[in-house]
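S.K.: For the record, in the sequence shown the residue sitting at position 230 is 289 according to our numbering, with numbers rising by one throughout. Every residue, glycine too, gets a C-beta built ideally from N, C-alpha and C. Please read all numbers here as calculations on a predicted model, not as lab measurements. Before we start, here is the structure in question, set down as structure tokens.
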Amino acid sequence: MCYSKAPKMNNNDVMSDILLRLPLKDLVGCKCVCKWWNTLISDPIFKLNYSLRNPQYNISGFFLQKFLYLELHSKLLFFPCEGRVDAAPKPSLSFIEDDKGVCIQHSCNGLLICSSFRCGEEDRKYYICKPTTKQYFPLPNLECRTVFGISIAYDPNRSPHYKIVSICDSYLSKNHRQIKIYSPVTGSWKPSGKPFTIPDEDMLFNRGVFWNGSLHWIGMGNLALRFDPETELMLTMPMPPTQRKPGYFGESGGHLLLVEAYGPLTAGFNIMEMKADYSGWFVKYHLNLDQVARRCQALERANRLSILHIVHNHVEDVDESFIVIHVPGEFVSFKLRDYSFMDLQTNNHVDSGLGLWYSWEGVYPYTNTFFYI
């Protein structure tokens with residue numbers, strides 16, 4: 060009679076099996092115990108296995124940020140879109156020790172770029188942080204007078220490493236910009252290419268969107284740019300050939316989405332999507348808000364609204380995409396397919412009596428990935 064032998068487990072397998080059973084907070088602490096444990100926990104396969112074994116930590120949603128007069132920290136809310144509400148990060152950046160206060164500058168796949176709040180550029184510090192584990196790391200100083208925008212480029216499916224791209228002023232002229240890139244591998248900033256010129260129009264460099272391996276920016280005119288941090292090439296991309304102002308610009312589920320406002324958004328609008336080859340935009344959805352307003356008093360009486368977030372989502376070939384909008388005193392969410400309303404869950408206290416007005420420019424999408432700074 061033959062007996063098959065059970066496969067032997069080496070020390071790495073045994074230790075990985077033990078680490079997989081730890082709570083997330085304890086697991087993060089184990090990275091500091093020894094180099095061996097740090098290597099095991101940092102392995103992409105371990106992160107995937109930990110994610111599958113611990114679905115209670117999976118959450119995606121968005122931070123909503125507003126600046127209040129004389130407040131040291133920005134006011135934050137967090138709205139979960141998928142996953143468990145109790146897994147949502149706390150809407151606070153107080154774990155970052157900065158006596159000038161802290162605010163969010165950009166977000167990408169579970170990482171935030173934050174900075175000092177109430178100070179001039181010469182005193183501003185920048186941090187890369189992960190709010191679910193309250194980890195943060197100060198970045199080296201950016202040697203420039205003005206930072207027009209700073210963004211994270213990070214795709215955990217392509218690389219375990221992130222890069223940070225900043226758009227700085229240039230010594231050449233007020234219309235020149237210099238790109239600088241930070242890599243955690245080198246631990247320093249480096250200039251990327253020569254300074255480039257922009258026309259005399261407002262570019263929203265503070266609202267970079269990471270999609271398809273590149274960062275994207277739009278402006279108040281017809282100029283739109285994309286930058287690949289790997290090849291370090293800056294290219295233009297087409298925009299719809301009409302005069303407008305952006306009503307929303309963001310990414311969801313691998314789709315780059317744009318809403319342009321030609322008038323009051325309460326009259327309805329188109330949600331457009333960029334083609335994968337950058338050949339142009341097409342209308343993904345047309346929203347007739349009159350149909351929605353008949354079933355929502357807040358929308359019916361609203362004289363203005365702003366788009367906060369669009370989630371592109373398909374479940375078993377059924378389009379379950381939805382939109383989150385803000386009308387005076389209320390947040391409203393409904394599906395784009397049939398205009399059915401959805402409950403917005405949150406672990407925050409939402410005070411509608413403050414009269415605060417939110418827009419997409421204060422929204423920072425967040426997905427809890429198992430990345431450790």
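1) Looking at C-alpha atoms only, which residue of E359, V370 and F122 is the closest neighbour of G169?
2) Note down, in chain order, each residue of its chain lying with its Cβ closer than 7 Å to the Cβ of D261, except the 5 sequence neighbours on either side.
3) Using only the alpha-carbon positions, how far apart do K125 and I240 sit?
4) Since E141 and S119 are thought to touch, with beta carbons under 8 Å apart, how far apart are those beta carbons, to the nearest angstrom?
5) Does DSSP put D228 in a helix, in a strand, or in coil?
6) Would the beta-carbon of N234 fall within 7 Å of that of T256?
7) Taking the Cβ atom as the reference point for each residue, do S311 and H371 lie within a distance shorter than 7 Å?
8) Kindly give me the distance between the Cβ atoms of P148 and Y344, rounded to whole angstroms, as I take these residues to be in contact under 8 Å.
9) Here's a check: name, in chain order, each residue in its chain whose Cβ is nearer than 7 Å to the Cβ of P197, leaving out the five neighbours to either side.
10) Go ahead and pull the three-state DSSP assignment for W270.
11) Apply the 10 Å Cβ neighbour rule to G267 and answer buried if 16 or more other Cβ atoms are within range, or exposed otherwise.
12) Over what stretch of residues does the beta strand (DSSP E) that includes L358 continue unbroken?
13) In this structure, does DSSP put M74 in helix, strand or coil?
14) Within the same chain, show all residues whose beta-carbon is closer than 7 Å to that of K64, passing over the 5 residues directly before and after it, in chain order.
15) DSSP on R80, reduced to helix/strand/coil?
16) Counting beta carbon pairs with one atom in the region 355–374 and one in the region 294–305, are three or more of them shorter than 8 Å?
17) Would the region 378–397 count as touching the region 77–92 if we require 3 or more Cβ pairs under 8 Å?
18) If you scan the region 347–393 from start to end, which runs of the beta strand (DSSP E) of 3 or more residues do you find wholly inside it?
19) Give the range of the alpha helix (DSSP H) segment to which K4 is assigned.
20) Please classify V391 as buried or exposed, where buried requires at least 16 other C-beta atoms within 10 Å of its C-beta.
21) Specify, as a first and last residue, the run of the beta strand (DSSP E) that I100 falls within.
22) In the DSSP output, which residue or residues are listed as bridge partners for K69?
23) What first and last residue would you give for the beta strand (DSSP E) that runs through T256?
24) Are at least three pairs of beta-carbons, each pair with one atom in the region 246–255 and one in the region 284–298, less than 8 Å apart?
25) Please report the straight-line C-alpha distance between G421 and L263, rounded to a whole angstrom.
26) Whole angstroms are fine: how far does the CA of S174 sit from the CA of F154?
27) Determine the DSSP secondary structure at W276, reduced to helix, strand or coil.
28) Looking at M298 and A320, is the spacing between their C-beta atoms short of 7 Å?
29) By Cβ distance, which residues of its chain are closer than 7 Å to C178, with the 5 residues on each side in sequence left out?
30) Can you tell me whether DSSP reads W340 as helix, strand or coil?
31) Quick one: residues in its chain with C-beta nearer than 8 Å to the C-beta of D232, no 5 flanking neighbours on either side, listed in chain order?
M.R.: On the basis of the coordinates in this document:
1) Start at 1 with the first residue of the sequence shown, and residue 169 comes out as number 110. Of the candidates E359, V370 and F122, the one whose C-alpha sits nearest the C-alpha of G169 is F122.
2) On the sequence shown, residue 261 is found 202 positions in, with the first residue counted as 1. For D261, where only same-chain residues beyond five positions count, the Cβ hits under 7 Å are G278 and M279.
3) Along the sequence shown, read from residue 1 onward, the residue named residue 125 stands at position 66. Along the sequence shown, read from residue 1 onward, the residue named residue 240 stands at position 181. Just so you know, the alpha carbons of K125 and I240 end up roughly 28 Å apart.
4) Here residue 141 is taken as the residue at index 82 of the sequence shown, counted from 1. Here residue 119 is taken as the residue at index 60 of the sequence shown, counted from 1. In this structure E141 touches S119 by the C-beta definition: roughly 5 Å separates them, less than 8 Å.
5) As a first step, residue 228 is located in the sequence shown; it is residue number 169 there, counting from the start. Looking at D228 - three-state DSSP - the assignment turns out to be strand.
6) Stepping through the sequence shown from its first residue, residue 234 is reached at position 175. Stepping through the sequence shown from its first residue, residue 256 is reached at position 197. In this structure, N234 lies near T256, with their beta-carbon atoms less than 7 Å apart.
7) Along the sequence shown, read from residue 1 onward, the residue named residue 311 stands at position 252. Along the sequence shown, read from residue 1 onward, the residue named residue 371 stands at position 312. Going by C-beta atoms, S311 is nearer than 7 Å to H371.
8) One-based indexing of the sequence shown puts residue 148 at position 89. One-based indexing of the sequence shown puts residue 344 at position 285. Actually they do not touch by this definition, with Cβ atoms about 29 Å apart.
9) In the sequence shown, residue 197 corresponds to position 138, counting from 1. Excluding sequence neighbours, P197 sits near K184 and Y186.
10) In the sequence shown, residue 270 corresponds to position 211, counting from 1. Residue state, collapsed to three classes: strand.
11) Your numbering for residue 267 matches position 208 in the sequence shown. It is buried - the Cβ of G267 has at least 16 other Cβ atoms within 10 Å.
12) Along the sequence shown, read from residue 1 onward, the residue named residue 358 stands at position 299. Unbroken run through L358 is the alpha helix (DSSP H), Q356 to E359; no beta strand (DSSP E).
13) Counting from one through the sequence shown, the residue named residue 74 turns up at place 15. Three-state result, M74: helix.
14) The residue you call residue 64 lines up with position 5 of the sequence shown. For K64, the pLDDT reaches just 49, beneath the cut-off of 50, and the residue's location in the model is therefore unreliable, although a value from the coordinates is still provided. For K64, same chain residues with a beta-carbon under 7 Å away, outside a window of 5 residues either side, do not exist.
15) As a working note, residue 80 is residue 21 in the sequence shown. In the structure shown, R80 sits in coil (DSSP, three-state: anything other than H, G, I, E or B).
16) Contact between the region 294–305 and the region 355–374 is absent, because fewer than three Cβ pairs lie under 8 Å.
17) These segments do not touch.
18) Complete beta strand (DSSP E) runs here, min 3: 365–370 and 381–386.
19) What the structure shows of the chain is the stretch from 60 to 432, and residue 4 is not part of that stretch, so it cannot be assessed.
20) Reading the sequence shown from its first residue, position 332 is the one you call residue 391. Classified as buried, V391 has 16 or more neighbouring CB atoms from the shown chains inside 10 Å of its CB.
21) Translated into the one-based positions of the sequence shown, residue 100 becomes position 41. That residue, I100, is in no beta strand (DSSP E); its alpha helix (DSSP H) goes K94 to S101.
22) On the sequence shown, residue 69 is found 10 positions in, with the first residue counted as 1. For the sequence presented, residue 69 should be read as Asn rather than Lys. Answer is none; N69 lacks a bridge partner.
23) Start at 1 with the first residue of the sequence shown, and residue 256 comes out as number 197. In the DSSP assignment, T256 falls within the beta strand (DSSP E) that extends over S247 to T256.
24) With the cut-off at 8 Å, the region 246–255 and the region 284–298 touch.
25) Working through the sequence shown from its first residue, we reach residue 421 at position 362. Working through the sequence shown from its first residue, we reach residue 263 at position 204. One C-alpha to the other measures close to 13 Å.
26) Against the sequence shown, residue 154 aligns to sequence position 95. Against the sequence shown, residue 174 aligns to sequence position 115. So the alpha carbons of these two residues sit roughly 13 Å apart.
27) In the sequence shown, the residue the question calls residue 276 occupies position 217. For W276, the secondary structure class from DSSP, reduced to helix, strand or coil, is strand.
28) Reading the sequence shown from its first residue, position 261 is the one you call residue 320. Reading the sequence shown from its first residue, position 239 is the one you call residue 298. For A320 and M298, no; Cβs fall outside 7 Å.
29) Sequence index remark: in the sequence shown, residue 178 carries index 119 (1-based). Result list for C178: K159, in chain order.
30) Start at 1 with the first residue of the sequence shown, and residue 340 comes out as number 281. Assigned with DSSP and collapsed to three states, W340 falls in strand.
31) For this step, residue 232 is matched to residue 173 along the sequence shown. Note that residue 232 is Ser in the sequence shown, not Asp. Around S232: T256.
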